[in-house]
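Asker: Have a look at this one.
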Amino acid sequence: MKKLFMSLLFIGIFVNSTFAEKIIMEGSTTVLPAAQRAAETYMDKNSSADITVRGGGSGVGINSLISGTCDIANSSRQIKDSELQLSVSKNKSPKSFVIAMDGIAVIVNNSNNISTLSKQQVEDIYTGKVTNWSQVGGKDLKIVVVSRDSASGTFESFGELALNKKKVVNAALMQASNRAVVTLISETPGAIGYVGIGYLNSQTKVLSIDGVKPSKENVLKNKYPYSRPLFMLTNGDPKGEIKKFIDFVLSTDGQDLIEEEGFVPLK
Amino acid sequence: MYSFKEKSIKIIFTILAFVSLFFLLGIIFVLFKESVPVISEINLIKFLFGKYWYPTHEPAEFGILPLILASFWVTLGALIVCAPLGISVALYINEIASPKQKQILKPLIEILAGIPSIIFGFFGMLVIAPLIQKTFNISTGLCTLTASLVLGIMATPTVASLSEDALSFVPKSFKEASYALGANRWQTLLKVVIPAAGSGISTSVILGMSRIVGETMTVLMVSGGAAVIPKSFFDPVRPMTSTIAAEMGESAVGSIHYHSLFAIGLILFLTTLIFNAAAEIISKKHRLKLGIDR
Numbered sequence: 029m030k031k032l033f034m035s036l037l038f039i040g041i042f043v044n045s046t047f048a049e050k051i052i053m054e055g056s057t058t059v060l061p062a063a064q065r066a067a068e069t070y071m072d073k074n075s076s077a078d079i080t081v082r083g084g085g086s087g088v089g090i091n092s093l094i095s096g097t098c099d100i101a102n103s104s105r106q107i108k109d110s111e112l113q114l115s116v117s118k119n120k121s122p123k124s125f126v127i128a129m130d131g132i133a134v135i136v137n138n139s140n141n142i143s144t145l146s147k148q149q150v151e152d153i154y155t156g157k158v159t160n161w162s163q164v165g166g167k168d169l170k171i172v173v174v175s176r177d178s179a180s181g182t183f184e185s186f187g188e189l190a191l192n193k194k195k196v197v198n199a200a201l202m203q204a205s206n207r208a209v210v211t212l213i214s215e216t217p218g219a220i221g222y223v224g225i226g227y228l229n230s231q232t233k234v235l236s237i238d239g240v241k242p243s244k245e246n247v248l249k250n251k252y253p254y255s256r257p258l259f260m261l262t263n264g265d266p267k268g269e270i271k272k273f274i275d276f277v278l279s280t281d282g283q284d285l286i287e288e289e290g291f292v293p294l295k
Numbered sequence: 017m018y019s020f021k022e023k024s025i026k027i028i029f030t031i032l033a034f035v036s037l038f039f040l041l042g043i044i045f046v047l048f049k050e051s052v053p054v055i056s057e058i059n060l061i062k063f064l065f066g067k068y069w070y071p072t073h074e075p076a077e078f079g080i081l082p083l084i085l086a087s088f089w090v091t092l093g094a095l096i097v098c099a100p101l102g103i104s105v106a107l108y109i110n111e112i113a114s115p116k117q118k119q120i121l122k123p124l125i126e127i128l129a130g131i132p133s134i135i136f137g138f139f140g141m142l143v144i145a146p147l148i149q150k151t152f153n154i155s156t157g158l159c160t161l162t163a164s165l166v167l168g169i170m171a172t173p174t175v176a177s178l179s180e181d182a183l184s185f186v187p188k189s190f191k192e193a194s195y196a197l198g199a200n201r202w203q204t205l206l207k208v209v210i211p212a213a214g215s216g217i218s219t220s221v222i223l224g225m226s227r228i229v230g231e232t233m234t235v236l237m238v239s240g241g242a243a244v245i246p247k248s249f250f251d252p253v254r255p256m257t258s259t260i261a262a263e264m265g266e267s268a269v270g271s272i273h274y275h276s277l278f279a280i281g282l283i284l285f286l287t288t289l290i291f292n293a294a295a296e297i298i299s300k301k302h303r304l305k306l307g308i309d310r
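Line by line, the protein sequences are chains H and Z.
In this text, residue positions in the first sequence follow this note's numbering: the first is 29, and each later residue adds one.
In this text, residue positions in the second sequence follow this note's numbering: the first is 17, and each later residue adds one.
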């Protein structure tokens, strides 16, 4: 009996390893939730697929791809020249796919008379240099800075796109979700906050940055300053299961999932 | 047969009793083990007294003084709310309420004690915070005062219920003796009943406090979450519990951030341990004083 069980187990492992192609995805924590979601849905549809998704950051993902320890690298930035050179020396040829656009909107309370801010003003507000709306042309009202928790991907993106990696002032109210940010701002006259473009609604007022509105068109054309493409990189032209997965991410179904995670789809 | 049944039941219950002890020891062990790297990787003084909490920034800073002070202020504020309120409720139920009122009030208060904390969080976020913001004309309603009020209301049933128990333990003969000596109701209450139940009431307040210190979801929702050293009750704060809740999920396992969150957990654990031990010691004295030997 025991023998039979063991041999069955053995066959099971063997069958599994022949038919399930294992894909390892690694990289940007910004892309992580969307990649995770896409991988889960893809695995539900294709029982033979086995996809592992790891975080670590864009640089870690690209380095793993070059050294061959992952199959797909998630990245929130373009591959650097130095990384391309390194990959050539290791006989690898990374190929980038833009899978979505990431756009972050700056929002204020509906009663606020400000409708546009410059990039510099946003940075000054978030680093604590500017503390009153009158300093940027508004009413004499204390600014309540609202930020996402330091663990969130949106926080990370905003830090890179809007603050040049400077520290958010420590008096900022750290909120655990995009929804909490919207609710807080709709109830607080002096508040300013930021959310992924997918979370905008009429409860708050959206600001233009340097005169550009964070519309989907402006994000797709990369005109809006707080937007950037998100990438998946493969080694050479993707083949087999990897190609099927990338195709799924770029398909209408895949792009719908990405939109649900708060990003701007390509179509 | 009978003795076998008896024995096996005894063994099963002994094992179950030790299982909970085993879990407790396991939790303490993990907390200590995961906290220790903080001492070697960040300096302990820097960790405890650092003024800036920037766990994900480059370079990261791990000063938890703002978090400790936040917990302290919120707890103090909540105590100012729940202690007088809870004790007054207990006195009313025990001394003034008619038996019928008592029959309704006591179970109601116990139901209130069982309401999930997230409901209090909603209530605080949507009702109390906007109210406080408008009343005091401050920039945001998510502040220490709101957190203190909500937590104070939350802990009131605990304090009231336990204080009422303590009051009801005061032997009738104490009161009768007081009345016999010509003291009126107020004098009896103030000079005899409250002192006799004093340590029991203190126990209830301390247990209420340990509930407040450990409360997570509510403070995460109503305290604002800014890691600054609070200067007034109108400043938003970030208590220790909500910091762990908000950041644990995303911190890389084994990083300094991860270990420092465990260390914050350890500090919380030790705080509530001290509170509960104090409550236990005081209530033991209380029982001795009243001649209730258990």
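Quick reminder that beta carbons are idealized off the backbone N, C-alpha and C, glycines included.
Interface residues of chain H around VAL244 (chain Z) at Cβ under 7 Å?
Answerer: Within 7 Å Cβ-Cβ: ASN198 and ALA199.
Asker: Just how far apart, CA to CA, sit ILE31 (chain Z) and GLU111 (chain Z)?
Answerer: When rounded, the distance between both Cα atoms is 44 Å.
Asker: In the structure shown, what three-state DSSP assignment does PHE250 (chain Z) receive?
Answerer: If DSSP states are grouped into helix, strand and coil, PHE250 (chain Z) belongs with coil.
Asker: Rounded to the nearest angstrom, what separates PHE38 (chain Z) and ILE237 (chain H) at their Cα positions?
Answerer: Approximately 57 Å, taken between the alpha carbons.
Asker: With 8 Å set as the bound, which would you pick, yes or no: does the beta-carbon of ASP168 (chain H) sit closer than that to a beta-carbon of chain Z?
Answerer: Cβ-Cβ to chain Z under 8 Å: no for ASP168 (chain H).
Asker: On the three-state DSSP scale, how would you describe ASP281 (chain H)?
Answerer: Helix, per DSSP.
Asker: According to DSSP, what are the bridge partners of VAL173 (chain H)?
Answerer: Note: VAL173 (chain H) sits in a beta bridge opposite H:ILE220.
Asker: Whose C-beta lies closer than 6 Å to the C-beta of VAL81 (chain H) among residues of the same chain, with five residues either side of it excluded?
Answerer: Taken in chain order, the residues that qualify are MET53, ALA63, GLN64 and ALA67.
Asker: Can you give me the Cβ contacts of LEU85 (chain Z) inside the same chain, cut-off strictly under 7 Å, excluding the 5 residues immediately before and after it?
Answerer: Closer than 7 Å at the Cβ level, and outside the excluded window around LEU85 (chain Z), lie ILE245 and PRO246.
Asker: Any beta carbon from chain H within less than 8 Å of LEU64 (chain Z)'s own beta carbon?
Answerer: LEU64 (chain Z) does not count as touching chain H.
Asker: Is there at least one Cβ from chain H nearer than 8 Å to THR204 (chain Z)'s Cβ?
Answerer: No, because no Cβ of chain H sits closer than 8 Å to the Cβ of THR204 (chain Z).
Asker: Output the boundary residues of the beta strand (DSSP E) element that contains MET129 (chain H).
Answerer: Residues 122-136.
Asker: Closer than 8 Å, CB to CB, is ILE298 (chain Z) near chain H or not?
Answerer: No - not a single Cβ of chain H is within 8 Å of the one on ILE298 (chain Z).
Asker: Rounding to the nearest angstrom, what Cα-Cα distance links LYS122 (chain Z) and THR204 (chain Z) in this structure?
Answerer: Using only the alpha carbons, I get a separation of about 23 Å.
Asker: When you compare only the Cα positions, how much space is there between GLU77 (chain Z) and PHE139 (chain Z)?
Answerer: Looking at the two C-alpha atoms, the distance is approximately 34 Å.
Asker: How would you list, in chain order, the residues of chain Z whose beta-carbon sits under 7 Å from the beta-carbon of GLY87 (chain H)?
Answerer: Neighbours of GLY87 (chain H) on chain Z: none; closest Cβ ~12 Å, over 7 Å.
Asker: Are there 16 or more other CB atoms within 10 angstroms of the CB of LEU41 (chain Z), so buried, or fewer, so exposed?
Answerer: That one is exposed.
Asker: Which residue comes first and which comes last in the alpha helix (DSSP H) that contains LYS122 (chain Z)?
Answerer: Run containing LYS122 (chain Z): 115-129, per the alpha helix (DSSP H) assignment.
Asker: Residues in its own chain within less than 6 Å of ALA243 (chain Z) by CB, not counting five upstream and five downstream?
Answerer: Around ALA243 (chain Z): TRP69, PRO82 and ARG254.
Asker: Does DSSP put VAL244 (chain Z) in a helix, in a strand, or in coil?
Answerer: Three-state DSSP puts VAL244 (chain Z) in coil, outside helix and strand.
Asker: Measuring alpha carbon to alpha carbon, tell me which residue in Z:LEU64, Z:THR156, Z:ALA176 and Z:PHE190 is nearest ILE127 (chain Z).
Answerer: Measuring from the Cα of ILE127 (chain Z), the nearest candidate turns out to be Z:ALA176.
Asker: Would you tell me roughly how many angstroms separate the C-alpha atoms of SER121 (chain H) and GLU231 (chain Z), rounded to the nearest one?
Answerer: Rounded to the nearest angstrom, the two C-alpha atoms are 52 Å apart.
Asker: Can you tell me the Cα-Cα spacing of GLY268 (chain H) and GLU287 (chain H), whole angstroms?
Answerer: Distance between the alpha carbons of GLY268 (chain H) and GLU287 (chain H): 26 Å.
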